[in-house]
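Read the structure below first, then the notes.
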Amino acid sequence: MVISQVESSLTRGKLLTSPSPNMRVAKMTKTGDATLFSVPRRLPAQSAGVPCLQGERSLPQGSNSNQMEKSRYYNAIIKAFRCKFRPCAKMQLKSVQLEGLAYAFCASIEDPSETMINVDDTIVTREELACLAPERPISDKIIKLVVMKATWDQANKTFWMLPPSFAVEHFMGHSLDKMIATYIYRFMPVAPDLKFIYVPIKEEGDHWYLMVISLLDGKLYQFDSNLNDDQVEPRQEIMKSLALKLSDMVTFGHYLKGDIPERKDFMNFDVKEARGCPNVLKGTHNCNESFIFIFN
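So the number in our numbering is just where the residue sits in the sequence shown, counting from 1, plus 1108.
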């Protein structure tokens, strides 16, 4: 995926926070300005004989013995927690990440309202996080978390990624001032080498498609896995409207000369349908997977 500084409020918060009595936090790992809480291996994994990893709890690449040890660890902890779906060793998760995942998706813990993620103004419960299970439509909150993390982790400042609420609030008629206050400081940092702007758009029926504003070639790319002939023009009008709002926002006076590239007339960019997209109409794609596709 092609994916300045971010407001400190964006990075404040806890991933897997407000633990229940069942969780009993055993370790806190600092990640940037956020805190990741891990689940102690002995609750309940120790009783299931989960092997203990040595040193910093992620295994190096290379030897077959290391890979076998990692596979045994993955299989043991997933079995102990009876996960609703299984991560695999190829994901290269650190053990603290695996334990957090196992706890969040543990089938034997019946507390759907428990807070799993609390970052900035976004709180995700166990029930809401379950939308990541296969064949479930992805919620707006999950996409927002992906957007926040991508913005947070960005090193080269070459893209802006906006949350789903951007398109929603634009079409609700939010004023330019309000849109600027909500999005510029958190999601649109100073970026002299800005190349792409990502705008996820959701329609009724949980179908997602993605607009990518490319400053490299002056195009609005439409990544859409379910596009009938009668939907082409309406969706392009939606994209043009969003591009116009972004043009208004970046020319409002917030950015100084050199803060972002000179070309800001996004509404004048030609719309181009991206090639090679999975297609629901041809049976190569499922609508519930449209989110996974647009952020792949």
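Even for Gly, the Cβ is constructed at its ideal location relative to N, Cα and C.
- Excluding sequence positions up to five before and after residue 1324, its CB lies within less than 6 Å of the CB of 1303, all in the same chain and listed in chain order.
- Ranked by how close their Cα comes to the Cα of residue 1332, the residues 1326, 1322, 1343 have 1343 in first place.
- Only residues of its own chain outside the window of five on either side were considered, and among them none has a CB closer than 6 Å to the CB of residue 1196.
- The stretch 1231-1242 makes no contact with the stretch 1257-1272; the number of CB pairs closer than 8 Å stays below 3.
- Contact check for residue 1355 against residue 1367 fails: the beta carbons are separated by 8 Å or more.
- Under the DSSP assignment, residue 1331 falls in the beta strand (DSSP E) whose first and last residues are 1327-1331.
- Residue 1371 and residue 1318 have their C-alpha atoms spaced approximately 21 Å apart.
- The beta carbon of residue 1375 lies closer than 7 Å to those of 1348, 1351, 1352, 1355 in the same chain, with the five residues before and after it left out.
- For residue 1315, the enclosing beta strand (DSSP E) covers residues 1315-1322.
- By the Cβ neighbour-count rule, residue 1209 is buried, with 16 or more other Cβ atoms within 10 Å of its own.
- A distance below 8 Å separates the beta carbons of residue 1203 and residue 1181.
- The alpha-carbon separation between residue 1218 and residue 1266 amounts to approximately 42 Å.
- In this structure, residue 1309 and residue 1316 form a Cβ contact; the two beta carbons are roughly 7 Å apart against a cut-off of 8 Å.
- With a minimum length of 3 residues, the unbroken runs of beta strand (DSSP E) contained wholly in the stretch 1259-1325 fall at 1267-1269, 1304-1311, 1315-1322.
- In this structure residue 1272 touches residue 1251 by the C-beta definition: roughly 5 Å separates them, less than 8 Å.
- Here the alpha carbons of residue 1207 and residue 1339 stand approximately 44 Å from one another.
- DSSP places residue 1199 in no alpha helix (DSSP H); its state is neither H nor E.
- Straight through space, the alpha carbons of residue 1278 and residue 1221 are spaced by roughly 31 Å.
- Within the DSSP secondary-structure output, residue 1381 pairs in a beta bridge with 1330.
- Taking the C-beta atoms as reference points, residue 1363 is found nearer than 8 Å to residue 1298.
- Straight across, the Cα-Cα distance linking residue 1291 with residue 1230 is about 15 Å.
- A residue is called buried when at least 16 other Cβ atoms come within 10 angstroms of its Cβ; residue 1224 meets this threshold and is buried.
- Per the C-alpha coordinates, the member of 1246, 1238, 1322, 1227 positioned closest to residue 1211 is 1238.
- Annotation: residue 1263 to residue 1296 spans about 14 Å, alpha carbon to alpha carbon.
- Cβ atoms of residue 1307 and residue 1270 come within 8 Å of each other, at about 5 Å.
- Of all alpha-carbon atoms in 1361, 1346, 1337, 1329, the one lying nearest the alpha-carbon of residue 1379 is that of 1329.
- The Cβ atoms of residue 1227 and residue 1201 do not sit closer than 8 Å to each other.
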